[in-house]
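All letters in the sequence shown, in the order written, are residues 277 to 581 by the working numbering. All residues carry an ideal CB built from backbone N, CA and C; glycine is no exception.
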Amino acid sequence: MLRLIARRLAIGVLVALTVMTLAFLLTRLSGDLAISIAGPSATQADVEIVRKAYGLDRPLYVQFFAWTGRAMVGDFGQSYFFKDSVANLIQKRLPITLTLGLVGLSLALVISIPLGILAALRENTWIDRSVTLFTMVGQAVPSFWLALILMIVLGLQLGVLPISGTGTWQHFVMPGIVLAFTAIPALTRLTRSGMIEAMASDYIRTARAKGLSRARIIFKHALRNAAIPVVSIAAVQLGFMLGGSIVIETVFALHGVGYLGWESIAKNDFPVVQAVVLVLAVFYIGLTLLADILNSLLDPRLRTG
Numbered sequence: 277m278l279r280l281i282a283r284r285l286a287i288g289v290l291v292a293l294t295v296m297t298l299a300f301l302l303t304r305l306s307g308d309l310a311i312s313i314a315g316p317s318a319t320q321a322d323v324e325i326v327r328k329a330y331g332l333d334r335p336l337y338v339q340f341f342a343w344t345g346r347a348m349v350g351d352f353g354q355s356y357f358f359k360d361s362v363a364n365l366i367q368k369r370l371p372i373t374l375t376l377g378l379v380g381l382s383l384a385l386v387i388s389i390p391l392g393i394l395a396a397l398r399e400n401t402w403i404d405r406s407v408t409l410f411t412m413v414g415q416a417v418p419s420f421w422l423a424l425i426l427m428i429v430l431g432l433q434l435g436v437l438p439i440s441g442t443g444t445w446q447h448f449v450m451p452g453i454v455l456a457f458t459a460i461p462a463l464t465r466l467t468r469s470g471m472i473e474a475m476a477s478d479y480i481r482t483a484r485a486k487g488l489s490r491a492r493i494i495f496k497h498a499l500r501n502a503a504i505p506v507v508s509i510a511a512v513q514l515g516f517m518l519g520g521s522i523v524i525e526t527v528f529a530l531h532g533v534g535y536l537g538w539e540s541i542a543k544n545d546f547p548v549v550q551a552v553v554l555v556l557a558v559f560y561i562g563l564t565l566l567a568d569i570l571n572s573l574l575d576p577r578l579r580t581g
């Protein structure tokens with residue numbers, strides 16, 4: 277187990293360094309940052325003052341290693357637009373994004389696992405075909421379109437949920453539903469295929485021969501093996517949700533890390549953009565590591581893989 281964790285951590289560090297490098301280089305490709313910071317009415321002298329003040333006159337590799345060294349200890353510098361520490365900005369906004377992601381994943385699991393089990397137990401029936409059609413439609417529906425439909429129906433016409441803001445738990449329901457719909461198709465199909473394979477296996481036939489109840493066979497024996505790929509995909513989907521929160525938070529005006537990233541991109545506030553990309557990537561890496569550990573606990577054969 278320790279070797280597995282060490283190997284996954286080493287891979288995670290390499291991925292994080294790659295993300296840091298790409299984030300740094302891509303922000304520099306957006307144009308002359310000194311001109312963006314100084315503003316459209318600034319003179320050449322003003323631009324040069326800004327360039328020197330923010331260290332933009334130094335060679336690119338010097339800027340990169342300086343930023344990387346500070347980022348390693350959690351110092352992401354100062355925001356040019358918000359006039360605050362980037363670490364403080366992310367610390368304030370992160371709970372909103374994490375809450376949104378957990379609500380979306382919880383809704384997705386609550387819906388997709390029962391649907392997958394039901395489709396597997398009723399394979400090739402109208403129930404199975406209905407679940408398959410539901411997942412196909414769910415995968416084809418764009419997130420922003422679903423968000424707008426929910427806002428019009430639940431927020432404006434029925435008035436049962438707020439359409440923007442973060443004041444209460446109700447503010448997370450509609451964004452959570454939208455995020456859940458991005459994960460439900462994959463989770464449902466994986467649960468269905470895993471359950472079909474498990475129910476046809478020898479150990480399930482042995483369990484039936486022993487006279488175990490149907491519920492015990494399904495939930496104790498079959499679901500445990502079918503859950504292994506679902507755990508991996510659930511962790512990956514949560515990572516996608518955190519990254520995809522930029523669109524959802526913007527549509528619902530949730531001031532989380534995703535919305536902070538969008539604001540920073542619009543204002544060329546590159547220290548914040550770099551930090552947001554890195555923080556979301558680190559969460560994604562951590563979630564995949566957690567999925568590997570959970571899978572190895574469910575299936576000991578994976579510890580030697």
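| Asked | Found |
| --- | --- |
| Quick one, are the C-beta atoms of A557 and A292 less than 8 Å apart? | yes |
| Among the candidates I439, K368, R465 and L280, whose CA atom is the shortest distance from the CA of G414? | R465 |
| Report the rounded CA-to-CA distance for D545 versus L309, giving the unit in angstroms. | 9 Å |
| Does the separation of the CB atoms of A474 and A510 fall below 8 Å? | no |
| Should M427 be labelled buried (16 or more other beta-carbon atoms within 10 Å of its own) or exposed? | buried |
| Please report the straight-line C-alpha distance between A542 and G380, rounded to a whole angstrom. | 26 Å |
| Would you decide whether V549 is buried or exposed? Buried here means 16 or more other CB atoms lie within 10 Å of its CB. | buried |
| What ranges does the alpha helix (DSSP H) occupy inside the segment 334-384, keeping only unbroken runs of at least 4 residues that lie completely in it? | 336-348 |
| Are G352 and A551 touching if we call contact CB-CB under 8 Å? | Before going further, note that residue 352 is Phe rather than Gly in the sequence given. In this structure, A551 lies closer than 8 Å to F352 by Cβ. |
| In the DSSP assignment, the alpha helix (DSSP H) including F448 goes from what residue to what residue? | F448 -> no alpha helix (DSSP H), and no H or E assigned at all. |
| Can you name, in chain order, every residue of its own chain whose Cβ lies under 6 Å from the Cβ of A396, other than the five neighbours on each side? | R468, M471 and I472 |
| If you pair each beta-carbon of the segment 425-442 with each one of the segment 359-371, do three or more pairs fall below 8 Å? | no |
| With DSSP run on the structure shown, which of helix, strand or coil describes E539? | helix |
| So, with DSSP's three-state summary, where would you put L301? | helix |
| Report the three-state DSSP secondary structure of Y560 (helix, strand or coil). | helix |
| Apart from the five residues on each side of it in sequence, which residues of its chain come closer than 6 Å, Cβ to Cβ, to P461? | T411, G414 and Q415 |
| Measuring only the C-alpha atoms, how far is S317 from V323? | 10 Å |
| I need the DSSP call for E399, collapsed to helix, strand or coil. | coil |
| Using a Cβ-Cβ cut-off of 7 Å (strictly less than) and excluding sequence neighbours within five positions of V449, which residues of its own chain qualify? | L437 |
| I believe I393 touches I494 by the beta-carbon criterion, under 8 Å. Please report the beta-carbon distance rounded to the nearest angstrom. | 7 Å |
| Run through DSSP, which three-state label would N544 get? | coil |
| Go ahead and label I425 buried or exposed: buried means 16 or more other beta carbons lie within 10 angstroms of its beta carbon, across all protein chains shown. | exposed |
| Can you tell which of Y479, R283 and V454 has the C-alpha that lies nearest to the C-alpha of I522? | V454 |
| Quick one: is Q513 buried, meaning 16 or more other Cβ sit within 10 Å of its Cβ, or exposed? | buried |
| On the DSSP letters alone, give me the boundaries of the alpha helix (DSSP H) that M517 sits inside. | L499 to V527 |
| How far does the alpha helix (DSSP H) with V326 in it reach, from first residue to last? | Q320 to A329 |
| From this set, K368, S572 and F340, which residue's C-alpha is nearest T303's C-alpha? | F340 |
| Is L592 buried or exposed, if buried means 16 or more other CB atoms sit within 10 Å of its CB? | The requested residue 592 is not part of the displayed model; the chain covers only 277 to 581. |
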